[in-house]
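Visitor:
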Amino acid sequence: MDSKKKEKRTMNFLKLVLITSFSVASFFALASDVYIETHNEEGQGILRPIGGECLVYTPSHVVGRASDFLVSTRLEKRIKAQLITTYPQDLALLKLPANAVSACQESSWKDQGERVNTILEVIDKGELQVRLNNGRLVSYDVDIIDKELHSFFTIRLNHPSQKITKGMSGGIVTVGSYPIGMLLSVTDDIGKVLRMDTIADTSRSVVKSYATEKEQIALNMDTTETPSPAKTSSPASVSETAIPLVSKNEGKQIFKGKIANGATETFTILSRGNTAYRLHSKKQSDPVQFVVEYQNPAKKRLTWDRIETKRDDMWEFGTEERGEHFLVIRGEAGSGDYELELEIIATPEQQLSESNVAGHGDVIRGRIAPGTFAVYKILSRGNTAYRLHSKKQSDPVQIVVEYQNPAKKRLTWDRIETKRDDMWEFGTEERGEHFLVIKGETGSGDYELELEVIKE
């Protein structure tokens, strides 16, 4: 038998083993994707149990800017969910309320997508699982077409009379009972699917904040990454009863205490690099004025602002550096309570992910603050012109967009304000992987950029 025939038989045998193993497993597992609806969108999602909570992955365009997210499972209908965060890959993470965590007993989440690579190497057939609003599950046979994309693959329904329609976004693509990806969008009957291992990697830092120590070990997460919070005060501080740091369920932190004119308090914030923050100051009964200062690991001031507790206030800042940073509070006038809620609005996983790849028609979504940046890869075939459409957002943010060549040398740049629709045109003569860098200048919040190839 020649080597080609032997190789072909080996490959066919491997396909048979994989398909058989997944098919047998499917007798013991129920695909548990959910139906999700908002006031103007509908879609699908996959459940993931972690740390006693029940999380839901769904495309971020399904939840959009809605305030209410209703999730229906096989047994329960219209559960009101909470939005935790969104990611640039058109991915959102929701959380079900405490009285609905039992829904995750039917979760089809298997692991960190560890078998996706192996499956895609040898399998070109699968199923698209779609949950209807009445709880019924519908499966569609699909052909897996393009597997070579970094974080995505594409599918097509293999029945000529069937088409991927609105409401299927978020549907889970499975081989047997093993989920390999989530449907994001469709163009000319070709569905774009985000790989399950990419979903796990992208959401890793947020999921870790919910995981128990045992789960972190099982998921190969570093349980020593986040140290215990620390606080130091100057001799003039009057905040002996202050609570320096409190973690909420959603991963936010609270700095809470008392301060007076001349007093100083310092809190430690651990940064993993390129992290954007938003600090919310809650209105207090006693009017106090103080300065907040953000320092790098060398205790050099990066930025500062002045806050008055007689009203709700907000301050945005960020850092590109890793390590222990310091939030310093200095009393200026008055004395009394303060309560500051620290929100991480963008993580390094979101802004610098290997899966941040953009092409024609792709929409780049993210959040940013001053002192941070995001990077997206754009593959050029040479002598290519682009148009970048910036969509108006509710939070006014000023960003700088920069286009770099394969050597990461800046070719051109522009400044964009998200309080209005805007457009930027740029191009390159070079072939290869180029980079779109988005830098926060003022304000913090969302950006939404659509990339259009206008000449290739």
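Numbered by the numbering used here, the letters in the sequence shown go through residues 157 to 612 in order. Ideal Cβ placement from N, Cα and C applies to all residues, glycine included.
Per DSSP, W265 is paired with what?
Guide: Residue 265 sits at position 109 when you count from the first residue of the sequence shown. DSSP lists no partner for W265.
Visitor: Just to confirm before moving on: does the CB-CB distance between G517 and R587 stay below 8 angstroms?
Guide: Locating residue 517 in the sequence shown gives position 361, where the first residue counts as 1. Locating residue 587 in the sequence shown gives position 431, where the first residue counts as 1. Cβ distance not < 8 angstroms, so G517 and R587 don't count as in contact.
Visitor: State yes or no: is the C-beta of R271 within less than 8 angstroms of the C-beta of Y334?
Guide: Taking the sequence shown and counting its residues from 1, one reaches residue 271 at position 115. Taking the sequence shown and counting its residues from 1, one reaches residue 334 at position 178. Going by C-beta atoms, R271 is nearer than 8 angstroms to Y334.
Visitor: Between which two residues does the beta strand (DSSP E) holding H217 run?
Guide: Taking the sequence shown and counting its residues from 1, the one referred to as residue 217 is at position 61. Here H217 belongs to no beta strand (DSSP E); instead the alpha helix (DSSP H) covers 216-219.
Visitor: Using CA coordinates, which residue listed in V286, G269, G474 is at the minimum distance from Y615?
Guide: Past the edges of the chain, shown from 157 to 612, lies residue 615, and the structure says nothing about it.
Visitor: From this set, G220, L211, I206, which residue's C-alpha is nearest G199's C-alpha?
Guide: For the purposes of this step, residue 199 is taken as residue 43 along the sequence shown, with counting starting at 1. Out of G220, L211, I206, G220 has the C-alpha closest to the C-alpha of G199.
Visitor: Excluding five sequence neighbours on each side, which residues of the same chain lie with their C-beta closer than 6 angstroms to the C-beta of R292?
Guide: Here residue 292 refers to the residue found at position 136 when the sequence shown is read from its first residue. Excluding positions up to five away in sequence, the list is empty.
Visitor: Specify the secondary structure class of A392 as computed by DSSP and reduced to three states.
Guide: For this step, residue 392 is matched to residue 236 along the sequence shown. Low local confidence applies: a pLDDT of 38 at A392 is under 50, so the model's placement there is unreliable, with the coordinate-based value given in what follows. Three-state result, A392: coil.
Visitor: Have a look at D469 and G479 and give me their C-alpha separation to the nearest angstrom.
Guide: In the sequence shown, counting from the first residue as 1, residue 469 sits at position 313. In the sequence shown, counting from the first residue as 1, residue 479 sits at position 323. Roughly 27 angstroms separates the two Cα atoms.
Visitor: Please go through the same chain and pick out, in chain order, the residues whose beta-carbon is closer than 8 angstroms to the beta-carbon of I632, but skip the five residues on each side of it.
Guide: The question about residue 632 has no answer, for the chain in this structure spans 157 to 612.
Visitor: What are the boundary residues of the beta strand (DSSP E) that E277 is part of?
Guide: Numbered from 1 along the sequence shown, position 121 holds the residue referred to as residue 277. Where E277 is concerned, there is no enclosing beta strand (DSSP E), although the alpha helix (DSSP H) it sits in stretches over 272-278.
Visitor: Counting along the chain, where does the alpha helix (DSSP H) carrying E505 start and finish?
Guide: As a first step, residue 505 is located in the sequence shown; it is residue number 349 there, counting from the start. From DSSP, the alpha helix (DSSP H) with E505 extends over 504-507.
Visitor: Hey, how far is the Cα of H545 from the Cα of L592?
Guide: Here the question's residue 545 lines up with position 389 in the sequence shown. Here the question's residue 592 lines up with position 436 in the sequence shown. Here the alpha carbon of H545 sits roughly 13 angstroms from the alpha carbon of L592.
Visitor: Which of helix, strand or coil does DSSP assign to L535?
Guide: Position 379 of the sequence shown, counted from the start, is the residue given in the question as residue 535. The answer is strand: DSSP assigns L535 an E or B state.
Visitor: Tell me whether R521 sits in a helix, a strand or coil according to DSSP, three-state version.
Guide: As a working note, residue 521 is residue 365 in the sequence shown. R521: strand per DSSP, three-state reduction.
Visitor: Assign K595 to one of three DSSP states: helix, strand, or coil.
Guide: If you number the sequence shown from 1, residue 595 lands on position 439. Here K595 sits in strand by DSSP.
Visitor: Which residues bound the beta strand (DSSP E) around A367?
Guide: In the sequence shown, the residue the question calls residue 367 occupies position 211. First-last for A367: undefined, no H or E at that position.
Visitor: Which residues in the same chain as K438 place their Cβ atom closer than 6 angstroms to its Cβ, once the five residues preceding and following it in sequence are excluded?
Guide: The sequence position of residue 438 within the sequence shown is 282, counting from 1. Cβ within range, chain order: E495.
Visitor: To the nearest angstrom, how far is it from the Cα of G599 to the Cα of N314?
Guide: Locating residue 599 in the sequence shown gives position 443, where the first residue counts as 1. Locating residue 314 in the sequence shown gives position 158, where the first residue counts as 1. Rounded to the nearest angstrom, the two C-alpha atoms are 47 angstroms apart.
Visitor: Provide the residue(s) that pair with M470 in DSSP beta bridges, ordered along the chain.
Guide: In the sequence shown, the residue the question calls residue 470 occupies position 314. Paired residue(s): H436.
Visitor: Please classify R312: does DSSP put it in a helix, a strand, or coil?
Guide: Counting from 1 along the sequence shown, the entry for residue 312 is found at position 156. Three-state result, R312: strand.
Visitor: Per DSSP, what kind of secondary structure is A419 in: helix, strand or coil?
Guide: Within the sequence shown, numbered from 1, the residue matching residue 419 stands at position 263. Coil at A419, not helix or strand.
Visitor: Using the Cα positions of G601 and L250, report the straight-line distance between them to the nearest angstrom.
Guide: Reading the sequence shown from its first residue, position 445 is the one you call residue 601. Reading the sequence shown from its first residue, position 94 is the one you call residue 250. About 19 angstroms.
Visitor: Give the straight-line distance between the Cα atoms of T420 and I485, rounded to the nearest whole angstrom.
Guide: Counting from one through the sequence shown, the residue named residue 420 turns up at place 264. Counting from one through the sequence shown, the residue named residue 485 turns up at place 329. For T420 and I485, the distance between alpha carbons rounds to 6 angstroms.
Visitor: Below 6 angstroms CB to CB, which residues in the same chain sit around L605 once its five sequence neighbours on both sides are set aside?
Guide: Position 449 of the sequence shown holds residue 605. Counting only Cβ-Cβ distances below 6 angstroms, and skipping sequence neighbours, we find I520, L544, S546.
Visitor: If I measure Cβ to Cβ from A386 and keep anything under 7 angstroms in the same chain, skipping five residues before and after, which residues do I get?
Guide: Looking up residue 386 in the sequence shown gives position 230. Because the pLDDT of A386 is 42, which lies under 50, any placement of that residue in the model is unreliable, and the number read from its coordinates should be weighed accordingly. The answer, listed in chain order, is T424.
Visitor: From this set, E597, L498, Q268, which residue's C-alpha is nearest T358's C-alpha?
Guide: Against the sequence shown, residue 358 aligns to sequence position 202. Out of E597, L498, Q268, Q268 has the C-alpha closest to the C-alpha of T358.
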